[in-house]
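Peer 1: Sequence positions in the sequence shown follow my numbering and run 178 to 406.
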Amino acid sequence: MATRNHTVDDYLEALYFLAFPVGEYGPMVDGQRPAPAARVAEMLGVSAPTASGMLKRLEAEGLIERDGRRPLLTPEGRTRAETVVRHHRIIERFLTDFMGYTPAESHVHADAMGEAFTDEMVERLAEKLGGPDRCPHGWPVDPSHEQAENLELVALADVAPGSSVVIVRLAEHDGDLLHRFYDEGLVPGTRVEVERAGGDVSASVDGAARVIDEPAARGLFVRVEATAP
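1) Is it true that the CB of Arg266 sits closer than 8 Å to the CB of Val199?
2) Once the 5 residues before and after Phe294 are set aside, which same chain residues still bring their CB inside 7 Å of it?
3) In angstroms with no decimal places, state the Cα-to-Cα distance between Glu242 and Arg357.
4) Going straight from the alpha carbon of Leu235 to that of Glu349, what length do you get?
5) Which term fits His284, buried or exposed, when burial requires 16 or more other beta carbons within 10 angstroms of its beta carbon?
6) Please give me, in chain order, every unbroken run of the alpha helix (DSSP H) with length at least 4 that falls completely inside the stretch 292 to 328.
7) With which residues is Ile460 paired in a DSSP beta bridge?
8) Shortest alpha-carbon distance to Arg301 belongs to which of Pro320, Arg270, Glu329?
9) Restricting to Cα atoms, I'd like to know which of Gly352, Asp351, Leu333, Ala337 is closest to Val343.
10) Can you tell me the Cα-Cα spacing of Leu249 and Gly384, whole angstroms?
11) Exposed or buried, Ala175, counting other C-beta atoms within 10 Å across all chains shown (16 or more means buried)?
12) Taking all protein chains shown into account, do 16 or more other C-beta atoms lie within 10 angstroms of the C-beta of His314, making it buried, or fewer, making it exposed?
13) Taking DSSP as the reference, what is the three-state secondary structure of Phe358?
14) Among Glu259, His183, Glu238, which one has its Cα closest to the Cα of Gln209?
15) Under DSSP, the alpha helix (DSSP H) around Val185 begins and ends at which residues?
16) State the CB to CB distance for the pair Asp377 and Val388, rounded to an integer number of angstroms; the pair is presumed to be in contact (CB under 8 Å).
17) For Ser340, does the three-state DSSP call read helix, strand or coil?
18) Can you tell me whether Ser224 is buried or exposed? The criterion is at least 16 other CB atoms within 10 Å of its CB, across all chains shown.
19) Could you say which of Val299, Val369, Gly375, Ser381 lies nearest to Phe398 if we only look at CA atoms?
20) Looking at Val331 and Val401, is the spacing between their C-beta atoms short of 8 Å?
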């Protein structure tokens with residue numbers, strides 16, 4: 178399969194996820210968390226020079242500014258990034274609810290299809306879908322809801338032993354990992370009783386004993402419901 182060239186919107190989406198991570202991770206600047214340009218390249222699977230070139234373009238277009246060497250979304254860039262994210266999640270719902278794609282497949286196809294839909298077309302999709310609240314992977318369609326909810330969630334890898342949690346969202350940017358979540362039944366709404374943490378997580382998942390390796394546990398965002406005394 179040929180590698181898809183990343184667009185401005187792909188970069189804005191990556192910057193959005195780095196600017197508004199789950200949980201508390203360091204100081205904020207203008208309401209967002211700056212991230213090194215190297216993390217943008219890592220998320221998109223491109224070289225540092227490739228990412229640098231596109232970030233310079235985004236800066237020239239007024240979509241980002243620099244905090245030192247770290248890119249920050251400008252108000253215009255943030256608005257556009259939030260629109261890209263919202264559209265992506267509505268298209269994912271269309272692909273799963275109407276087209277019969279699996280949730281894991283929908284993420285890949287929504288990336289490729291995003292620019293084919295106008296704003297008006299996406300709003301029609303949302304209306305036909307009945308105004309979905311979340312994408313198939315548990316992320317709120319409304320970015321403002323997502324940003325508020327981020328503070329309530331934590332990665333499974335960081336949960337204390339003895340905690341009872343519910344999976345709320347799945348990390349999307351590693352396609353292989355996303356497929357694994359669905360293959361292994363680690364989906365939104367699944368209850369997990371954490372027995373041992375630190376690296377791999379030993380847990381009871383819907384009553385069955387499981388070991389969840391650390392990369393997977395880092396990509397499962399959960400809400401802690403109770404912790405043993």
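Backbone N, C-alpha and C define an ideal beta-carbon position, used for all residues, glycine too.
Peer 2: Let me lay it out:
1) Counting from one through the sequence shown, the residue named residue 199 turns up at place 22. Counting from one through the sequence shown, the residue named residue 266 turns up at place 89. For Val199 and Arg266, no; Cβs fall outside 8 Å.
2) As a working note, residue 294 is residue 117 in the sequence shown. Closer than 7 Å at Cβ, skipping near neighbours: His264, Ile268.
3) Taking the first residue of the sequence shown as position 1, residue 242 is located at position 65. Taking the first residue of the sequence shown as position 1, residue 357 is located at position 180. Between the alpha carbons of Glu242 and Arg357 lies a distance of about 36 Å.
4) Position 58 of the sequence shown holds residue 235. Position 172 of the sequence shown holds residue 349. Rounded to the nearest angstrom, the two C-alpha atoms are 24 Å apart.
5) By 1-based counting over the sequence shown, the position of residue 284 is 107. Per the 10 Å Cβ criterion, buried.
6) The qualifying runs are 296 to 305, 320 to 327.
7) Nothing in the structure corresponds to residue 460, since the chain is present only between 178 and 406.
8) Start at 1 with the first residue of the sequence shown, and residue 301 comes out as number 124. Here the closest residue by C-alpha is Arg270.
9) Within the sequence shown, residue 343 is the residue found at index 166, counting from 1. Minimum Cα distance to Val343 is reached at Leu333.
10) One-based indexing of the sequence shown puts residue 249 at position 72. One-based indexing of the sequence shown puts residue 384 at position 207. Rounded to the nearest whole angstrom, the C-alpha separation of Leu249 and Gly384 is 43 Å.
11) Limits of the chain in this structure are 178 at one end and 406 at the other, which puts residue 175 out of reach.
12) On the sequence shown, position 137 is the one that residue 314 refers to. Answer is buried; the Cβ neighbour count reaches 16.
13) The residue labelled residue 358 in the question sits at position 181 within the sequence shown. In this structure, Phe358 counts as helix in the three-state DSSP scheme.
14) Reading the sequence shown from its first residue, position 32 is the one you call residue 209. Looking at Glu259, His183, Glu238, the one whose alpha-carbon comes closest to that of Gln209 is Glu259.
15) Mapped onto the sequence shown, residue 185 falls at position 8. In this chain, the alpha helix (DSSP H) harbouring Val185 covers 185 to 196.
16) For the purposes of this step, residue 377 is taken as the residue at position 200 of the sequence shown. For the purposes of this step, residue 388 is taken as the residue at position 211 of the sequence shown. Correct: roughly 5 Å between the Cβ atoms.
17) Locating residue 340 in the sequence shown gives position 163, counting from the first residue. Note: Ser340 maps to strand in three-state DSSP.
18) For the purposes of this step, residue 224 is taken as the residue at position 47 of the sequence shown. It counts as exposed.
19) Here the question's residue 398 lines up with position 221 in the sequence shown. Ranked by Cα distance from Phe398, the options Val299, Val369, Gly375, Ser381 are led by Val369.
20) Here residue 401 is taken as the residue at index 224 of the sequence shown, counted from 1. Here residue 331 is taken as the residue at index 154 of the sequence shown, counted from 1. Yes; because the gap between Cβ atoms is below 8 Å, this pair is in contact.
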